[in-house]
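**Student:** Numbering (the UniProt record's numbering), first residue to last: 1 to 241.
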């Protein structure tokens, strides 16, 4: 018998077997979060606040006690595949492995989820080697929170960028102030894409709503630009006076 000890939860569906229609709804919208460290608990709390169905699993009784009543959760050792089956893992289209301090536990849990056919698996990694192992066993999305945060902050503190989001394959989106040479001109006049290889997605004038950019969009000194492109080209564009 797997080590699964249910804890009180504010939602009734956790007690007993939900009807078929409800199980189908969970299959399209529910998220199983495994591990309630800083990463996993932040995900579970945010999903709950946004109104998504979430079930969290944590092996530490002390940590479970800290979060009881804040979102549905159970005490379970998910390195055991039988525990995942008892939790109803097949009812969840998305699972998040928030365990990072124990490489062995992280890999075992992720491997169990892969073997059980979870459609989307997200997992936290604490190193490049950890990330490589998770990808090799079939995890769909690997997150390195510390490395990603460090990379983002480095771009912000070293230049004029207000925000920085690296999507993938060197495609990046930034929030920035417009260089002087673009101020007072429309996008068609300034030819930003042709001259710098980046694309202005939208403009946020002070005190006004965000607007998607068109060739006729005129940029002013106090605007905030949302710009996409490769990281190197964006850095060069943002470095313009």
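No residue lacks a Cβ here, since even glycine has one placed at the ideal position from N, Cα and C. Keep in mind that this is a model prediction, so the values were computed, not measured.
Just reading off the alpha helix (DSSP H) that residue 233 is part of, what are its end residues?
**Tutor:** Where residue 233 is concerned, the enclosing alpha helix (DSSP H) stretches over 231-238.
**Student:** Whole angstroms is fine: what's the gap from residue 116's alpha carbon to residue 110's?
**Tutor:** One C-alpha to the other measures close to 10 Å.
**Student:** Identify which residue in 83, 85, 191 and 79 has its Cα closest to the Cα of residue 107.
**Tutor:** Comparing Cα-Cα distances from residue 107 to each of 83, 85, 191 and 79, the minimum goes to 79.
**Student:** Helix or strand or just coil, what does DSSP make of residue 114?
**Tutor:** If DSSP states are grouped into helix, strand and coil, residue 114 belongs with the helices.
**Student:** Have a look at the DSSP bridge pairing and note the partners of residue 73.
**Tutor:** Partner(s): 56.
**Student:** For residue 144 versus residue 89, is the C-beta distance shorter than 8 Å?
**Tutor:** No, they are not a contact pair.
**Student:** To which residues does DSSP link residue 161 through a beta bridge?
**Tutor:** Answer by DSSP bridge pairing, in chain order: 176.
**Student:** Would you report the Cα separation of residue 71 and residue 39, rounded to the nearest angstrom?
**Tutor:** Roughly 15 Å separates the two Cα atoms.
**Student:** Can you tell me whether DSSP reads residue 144 as helix, strand or coil?
**Tutor:** Correct three-state label for residue 144: coil.
**Student:** Please list the terminal residues of the continuous beta strand (DSSP E) segment that includes residue 202.
**Tutor:** Residues 199-204.
**Student:** Determine which residues share a DSSP beta bridge with residue 227 and list them.
**Tutor:** 174 and 200, per the DSSP bridge assignment.
**Student:** Considering residue 61, what are the terminal residues of the alpha helix (DSSP H) in which it resides?
**Tutor:** First-last of the alpha helix (DSSP H) with residue 61: 61-67.
**Student:** Could you tell me which residues DSSP pairs with residue 32 in its beta bridges?
**Tutor:** BP columns for residue 32 point to 55 and 95.
**Student:** Using the three-state DSSP reduction, which class does residue 208 fall into: helix, strand or coil?
**Tutor:** Residue 208: coil per DSSP, three-state reduction.
**Student:** Output the distance between the C-alpha atoms of residue 132 and residue 73, rounded to the nearest integer angstrom.
**Tutor:** Answer to the nearest angstrom: the Cα atoms are 29 Å apart.
**Student:** For the putative contact between residue 186 and residue 216, defined by C-beta atoms under 8 Å, what is the C-beta separation to the nearest angstrom?
**Tutor:** Yes, residue 186 and residue 216 are in contact; Cβ-Cβ is about 6 Å, under 8 Å.
**Student:** Determine the DSSP secondary structure at residue 191, reduced to helix, strand or coil.
**Tutor:** Of the three classes helix, strand and coil, the one that applies to residue 191 here is coil, per DSSP.
**Student:** May I ask you to report which of helix, strand or coil DSSP gives residue 121?
**Tutor:** Correct three-state label for residue 121: strand.
**Student:** Would you call the stretch 61-71 and the stretch 159-178 touching, i.e. three or more CB-CB distances under 8 Å?
**Tutor:** The answer is no - the stretch 159-178 does not touch the stretch 61-71, with fewer than three Cβ pairs under 8 Å.
**Student:** Quick one: give me the first and last residue of the alpha helix (DSSP H) that residue 81 is part of.
**Tutor:** First-last of the alpha helix (DSSP H) with residue 81: 81-86.
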